[in-house]
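As structure tokens, the structure follows; a few thoughts come after it.
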Amino acid sequence: MEGTYDARGARPGGTGSARPVPRPAGPPPMPPAVPPVPAHAPAATGTSLADWLRTPRPEADPGVWRLGHRPRPEEEPEPVPAGRLFAGALIALLAGWLLWSLLWNGYLGRYWLWPLLVLTPDSWRADPPLWAMVSYAYYALVGGGLLFLFARIGHVPEIWRRYRHSRKKDAPVPPPPPEDDPADWPDLRAAGLGDTARTLAEATRTGSLGDVDYARIRRAWQGVQTRPERLAAFADVVRAEGAAACAHPSGVRDLPVRAAVHDLATSQVRIGTAADHPRNPYARRTTGVALEPALLGTSLLAVGPSGSGKTVRLMRPVVESMCLQALANRAAVVAVTAHGTALAPDDAFDLVVSPGRPDSTHDLDLYGGSDDPDEAARVLAEALVGDLTADGRRAATALAQLIGPYRGVHGHFPAVPELRDLLGGAPGALDGLRTALQAAGATAQLRELDARARQSQRADDVGALLADRIAFLDRPAFAGFFRTAEPGRQFSPRAVEHPLRVRIDLPERGHAEASRIIARLVLAQFTEAVLSRSDRSLFACLVLDDATHTVTPDSVRAVQRLRSAHAGVVLALRTLEDVPEPLRGPLLGAVGCRMAFAGLGPWDGGRFAESWGKEWVQTRDVTNRQIISDEPLTKALHFVRRVVTGRAATAEAVTVREVERERWSASELAHSVPAGHAVLSLASVRGGHTPPLLVDLRN
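Under full-length UniProt numbering, the first residue of the sequence shown carries the number 1, and numbering increases by one thereafter.
Now the structure itself:
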């Protein structure tokens, strides 16, 4: 596994890259000789790490919280009406009492006493006190048996289960340690690493090893199993550093604060509980609902109005989970949000990029770390005009005709002011570039520049549009950003080959259009980077807290390809109206996980209802018809019943049919989802899926 032992010296561009891994924003404190022990309890339930490891995690459907999960029946048992239940119990107990009275008074003979007479010696009957004691014991045994039998016949246990006052909570109870106790690291012992296993087992028992440490070391051990030549190095580093072995490049072993419930043994984060609602399958009701990389790898789209809980109840747990996975060297995360939206504290990230703010210590690479002018131009064109109807290929060609020659002369791509001048056709910029190319003898690049000059004379030239768009980034607030001549402080999504935790704060207030361009730029660079990376062992996740105006035809096609690249995106929208009409259906089809929050509009609900399709359900039609009889006695009885009840005598006819209906209709999504809830459907990269579930996000 790359980066397990040499992560502090890793570089984002792979071997030979000159760009180091970005460090945390601000001057980091000098790390102590031994990283501090995590401050958080290793398990979400507050139990010890050993008990947490021993808690069963059975296989389950996608999205089921597996820690301590107890499977439920697939179908709901047929409910018995309460009146019938109590009546049956009363009749059964009366029948049992009647039978006992008949036996006791001898009306049924004395045959029921023959076991007492056969199994006892004659000497006992000669001793009156002893015989009385034995007889009454036998009577109690027979009476108790009859009581138990008739209580079962009358469904008394069902009454107790249904109406008992205090119900025990369904909390996972750790089983006793098995023979192969996971807290003793049996797989390491089986591989001949007895000393290493004892070191980790001792750290587990003493509490110095946290759940992040466990996940991180398990990740390193999996890498050793695929590359056995690293076995000795793994054993040495664990023996030397114990619970702090195979550390994250930052040396951090846990997040400063956790707001969600996590299970790092299964890489899950719990986001809620499936509601006990008729629309949910019976087997999923009251079970925990969780997300994990196997689900996020199909990408997730969340739609709901402001205040519905998208950021607090979905984005924050997902970002927190990805940050923990990154500390375990399992994932890389890039979270894009508006400045001031607290997805997670600054200490939870290795790098915080804040374009437009003077206190930002890092910059965003305008060209995504690419050395290919055509690739860089294609990604930049997507960011600048991807949301418009302009031809993206023409925009990419126009940019490549300028940034390619510029890089050939200066050794780097143009910054925002230079690029704006070139796109706008500033005479000094173009003439100076042409003179430099002529002096260097760059004939091919001169032809590119001349072609751009000819195209700029056309009335429909895309260069003017690109110049107008790049002008949003050429503002005084961004004067210190997007510079290309100062290597070392730019962040590029190409660094997701390393377990980085990055947050990008967008300047929404005052620079809304620039924020949208930056969001599209990050999305385009991320999809390009993860699809072209050679090492896909890390799960790469991009979280867009507000994906307004970022959905384009190219981005939808790219999202569809992410599941094969061990990556995924999480997109949040206030409404699907923020997506162009032709892309709303393809967007819902491109993502595997869809989430509709409370307060959704009927027009958005219609799109979700269409994407979730229909299902066959059983319906019961009850028809009441009046009973008319010519018999005098029957007519008299019907008359008395009508006088007493005020209703005529009727008979019911029940018709059961199989009909096809929408899983969730647009009206139900708009008006029947309670506050704090959402309807969620999930799909995994392995092909598993779940129907839409009503999820209580507050539990």
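Here a beta-carbon is modelled for each residue, glycine too, at the ideal position from N, C-alpha and C.
So, residue i versus residue j, is the Cβ gap smaller than 9 Å?
i, j, result
"ALA151", "LEU93", "yes"
"VAL685", "GLY592", "yes"
"LEU500", "VAL385", "no"
"ARG483", "ASP363", "yes"
"LEU351", "ARG503", "yes"
"GLY242", "HIS155", "no"
"ALA265", "ALA215", "yes"
"HIS69", "ARG84", "no"
"GLY676", "GLY309", "yes"
"GLU448", "PRO414", "no"
"LEU583", "THR552", "yes"
"TRP65", "ARG284", "no"
"THR332", "HIS498", "For clarity, residue 332 is Ala in the given sequence; the question names Thr instead. Cβ atoms of ALA332 and HIS498: closer than 9 Å."
"ALA519", "LEU465", "no"
"GLN401", "ALA451", "yes"
"VAL409", "ALA442", "yes"
"ARG594", "LEU296", "no"
"ALA678", "GLY304", "yes"
"ASP213", "ARG253", "yes"
Would you list the one or two residues that DSSP bridges to residue i?
i, result
"ASN624", "GLU652"
"ARG594", "LEU301, SER681"
"ARG503", "ALA335, VAL352"
"ALA572", "ALA302"
"LYS635", "For LYS635, which the question treats as bridged, DSSP gives no partner whatsoever."
"TRP616", "GLU660"
"ASP696", "THR273, HIS677"
"THR690", "LEU682"
"VAL64", "VAL289"
Decide if residue i is buried, meaning its Cβ has at least 16 other Cβ atoms within 10 Å, or exposed.
i, result
"TRP185", "buried"
"PHE478", "buried"
"ASN105", "exposed"
"TRP124", "exposed"
"PHE148", "exposed"
"MET315", "buried"
"ALA33", "Note that ALA33 scores a pLDDT of 37, beneath 50, so its modelled location is shaky and nothing firm can be said."
"PHE639", "exposed"
"TRP114", "exposed"
"ARG161", "exposed"
"ARG407", "buried"
"GLN626", "exposed"
"ALA596", "buried"
"PRO121", "exposed"
"ASP263", "buried"
"ASN280", "buried"
"ASN329", "buried"
"PRO28", "Per-residue confidence for PRO28 stands at a pLDDT of 36, beneath the threshold of 50, marking its modelled position as unreliable; the derived number appears in the next sentence. Label assigned to PRO28: exposed."
"GLU513", "exposed"
"residue 755", "Residue 755 lies beyond the range of the chain shown here (1 to 699); nothing can be said about it."
"GLN445", "buried"
"ALA126", "exposed"
"HIS671", "exposed"
"THR337", "buried"
"PRO278", "exposed"
I want to see whether chain C comes within less than 9 Å of residue i, judged by CB atoms only; does it?
i, result
"ALA140", "Among the protein chains of the structure shown there is no chain C, as only one such chain exists."
Worksheet item: Enumerated in chain order, which unbroken segments of the alpha helix (DSSP H) with a length of 4 residues or greater are wholly contained in the region 240-322?
Response: 293-296
Worksheet entry | Inter-stretch contact (C-beta, 8 Å, three-pair minimum) for the region 319-326 and the region 520-530 | no
Worksheet item: Pairing CB atoms from the region 288-302 with CB atoms from the region 255-274, are three or more of them under 8 Å?
Response: yes
Practice prompt. Taking 8 Å as the threshold, find out whether the region 534-548 comes into contact with the region 372-386 through three or more Cβ pairs.
Written response: no
Worksheet item: What are the uninterrupted segments assigned as alpha helix (DSSP H) that are 4 or more residues long and contained completely in the region 83-147, given in chain order?
Response: 114-119, 122-125
Worksheet item: Any chance the region 323-332 sits against the region 297-311, with 3 or more Cβ pairs inside 8 Å?
Response: no
Practice prompt. Go through the region 430-494 residue by residue and report every complete run of the alpha helix (DSSP H) that reaches 4 residues or more, in order.
Written response: 443-455, 463-470
Practice prompt. Would you check if the region 560-579 and the region 601-617 touch, i.e. whether three or more CB-CB distances between them fall below 8 Å?
Written response: yes
Practice prompt. Starting from the N-terminal side, write out each stretch of the alpha helix (DSSP H) that is 4 residues or longer and does not extend beyond the region 509-567.
Written response: 512-532, 553-561
Worksheet item: What are the complete alpha helix (DSSP H) segments, minimum 4 residues, inside the region 346-420?
Response: 373-385, 392-410
Worksheet item: Given 8 Å as the limit, is there contact between the region 608-622 and the region 642-662, that is, 3 or more CB pairs closer than that?
Response: yes
Worksheet item: Counting Cβ pairs closer than 8 Å, one from the region 329-346 and one from the region 458-470, do we hit at least three?
Response: no
Worksheet entry | Segments of 4+ residues assigned as alpha helix (DSSP H) that fall wholly inside the region 187-218 | 194-206
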